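Below: the structure, in C-alpha cells.
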Amino acid sequence: MSDSTAIVHGAHEADAHEEHPAYLRHHFENVEQQADAAGFAMWLFLLTEVMFFGGLFTAYLIYRNWYYPAFVAASHQLSVVWGTTNTAVLIFSSFTMAMGVWCAETRRRKGLILSLCLTFLLGLVFLGIKTIEYGEKIEKHHVPGFHYNLSSFLDPDNDAAAKAANDKPLPLDMARHTEVYFSLYFAMTGMHALHMIIGIAILGYMIFRARAGAYTTGHVTFVENFGLYWHFVDIVWIYLFALLYLISRHQ
Amino acid sequence: MTDQKEMEAASHHVVSPKIYVIILLALILGTAATVWASFLELGPWNPVIALAIATGKAMLVVLFFMHVKYSSKLTKLTVFAGIFTLFTLIGMTLADYFSRAWGQW
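Protein chains in written order, with our numbering: chain A, 1 to 251; chain B, 252 to 356.
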C-alpha cells in the first residue's frame, strides 16, 4: 500500500516537471501568462501601426472631400478586376495563415510548413499583381513628379479607362489635383506593400525554422503573433480596396 | 502527453478549422457584395455601404482570425481602446478642418 503511494507520488512529480517547459521564461508564472503578455505586446505594436495608417487614411478623407472631381476621375484609372483579385488573394493568404496557427497549436509540422508556404506564395502573387498595376501607372505617367501627365483627365475621350467610366474633361486646376490622389495612392499602397515584403521575409525565415521542427513543440507564440501581423496587413488592404478602388466607381 | 495537451487546451483556446473556413467564405462573400454594390448608382450611399462592408469584414478578421473573441479581457480592452483612440483622433482632425476655411486651399 505504502509502496504504491510512493509510485503515484513519483509519477506526479514527473508530471509537475513537464508542466514547466524549457521555453517558459523564469520571470513568468506559467505558460499562459507568458503567452498573454506576448499577445498583449503584439497588439500594442499593431495599435501603433493602426495610428500610422490612420494618419494616411485621414489625409485621404480630407483631400478627397476637397478635390472631389479630381479624386473621382483619378480613381477611375484603377482596375477593379486587379483590385478584387488581390483582395481575394490576400483573404486566402489570411486563411492559410490562420490554418498555420492551428497546425502549430495542434503540433502538425507538415501542415504548418504547407500553410506557411501557401501564405508565402499568395503574398508573392499579391505583390506580382501590384507590380502589374504600378507598371500601368508608370506607362501612363501617373506617377507624381516632373513627368506627371494630365492628358487622361483633360482629354478623357482619348483614354480607355476614363472613357469607360464616362469621365468629363476636368478644368486644368482641378485636373492637376489628380496628382494628390496618386501621391496618396502610392504612399498608402506602397506602405502596405512594404509591410507585405517584410511579412514575406519573416515567412521565409519561419518556413526554414518550421522545417527544423520549431513551433510544433507547444511554443506557438512566434507563429501566433506573426499571424496577428499578417491579418492586420489584410485589414489595411480591405480598407484600401474600398477607398481607392470602389467608392468612386459611379460618380 | 495527453495531460499536457489537455492542460494547454484549458489555458489556450484553439480555434477550429471549421470556423476559419466559415470566416473565409464570409469574407469572400463580403468582397463580392462590396464590388457588386460599387456598380450600383447610390449617390452618397456608395461610400457608406463600401465602408460598412469593409468594417464588417475587418471585424470578422479581428474577432476570429486574430482570436480576439477568445482572448483575455485585457486584449479585448486593448483592441477596443486602440480603435476608440483612432476614431477620436480622426473625428477631432475632421472637426478642425470642417470648422475652418473649408475648401479655400
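C-beta: ideal position from N, C-alpha, C; glycine also. Computed from a prediction, not measured in an experiment: that's the story for all the values here.
- Contact annotation, A74(A) with T178(A): C-beta distance approximately 4 Å; criterion of less than 8 Å satisfied.
- Contact between G123(A) and S93(A) holds, since their C-beta atoms are separated by about 6 Å, short of 8 Å.
- Between V313(B) and V319(B), the alpha-carbon positions lie close to 6 Å from each other.
- Restricting attention to V72(A), H20(A), E32(A) and F45(A), the CA atom closest to the CA of P295(B) is found in V72(A).
- In the DSSP annotation of this structure, the continuous segment of the alpha helix (DSSP H) that includes V272(B) starts and ends at P268 to S289.
- For A104(A), the three-state secondary structure derived from DSSP is helix.
- The three-state secondary structure of G213(A), taken from DSSP, is coil.
- Here DSSP, grouped into helix, strand and coil, assigns F28(A) to coil.
- When the Cα atoms are used, N225(A) and P171(A) turn out to be separated by approximately 50 Å.
- The beta-carbon of T329(B) is placed less than 8 Å from the nearest beta-carbon of chain A.
- Nearest Cα to A104(A) within the set Y245(A), N30(A) and I207(A): I207(A).
- Within the same chain, and ignoring the five residues on either side of G307(B) in sequence, the residues whose Cβ sits closer than 8 Å to its Cβ are G281.
- Pairing I198(A) with L47(A), the inter-Cα distance amounts to about 18 Å.
- Taking the Cα positions, Q33(A) is about 22 Å away from S267(B).
- In the three-state DSSP reduction, E292(B) falls in the coil class, being neither helix nor strand.
- Per the coordinates, the alpha-carbon of M196(A) lies some 18 Å from the alpha-carbon of M51(A).
- When the beta-carbon positions are compared, N86(A) and I129(A) come within less than 8 Å of each other.
- Distance check between I334(B) and each of N65(A), Q77(A), G54(A) and I91(A) places G54(A) closest, using alpha-carbon atoms only.
- In this structure, the beta-carbon distance from F40(A) to T336(B) does not fall below 8 Å.
- When Cβ-Cβ separations below 8 Å define contact, Y321(B) makes no contact with chain A.
- Using a 10 angstroms sphere on the CB of Y23(A), the tally of other CB atoms stays under 16, which defines it as exposed.
- When 9 Å is used as the limit between beta carbons, V80(A) is near these residues of chain B: V286, S289 and F290, in chain order.
- In this structure F290(B) touches R249(A) by the C-beta definition: roughly 6 Å separates them, less than 8 Å.
- Against chain B, the beta carbon of F95(A) has neighbours under 7 Å at Y271 and L275, listed in chain order.
- Contact annotation, I304(B) with T326(B): C-beta distance approximately 25 Å; criterion of less than 8 Å not satisfied.
- Under a criterion of Cβ atoms nearer than 9 Å, no residue of chain B is adjacent to E133(A); the nearest Cβ is some 16 Å distant.
- Counting C-beta pairs with one atom in each stretch, the segment 182-194 of chain A and the segment 142-151 of chain A have three or more that are closer than 8 Å, which means they touch.
- Per DSSP, reduced to three states, the secondary structure at V330(B) is helical.
- The beta-carbon of A346(B) is placed no less than 8 Å from the nearest beta-carbon of chain A.
- By the neighbour-count criterion, in which a residue is buried when 16 or more other Cβ atoms sit within 10 angstroms of its Cβ, H20(A) is exposed.
- Per DSSP, I247(A) is not a residue of any alpha helix (DSSP H), being assigned neither H nor E.
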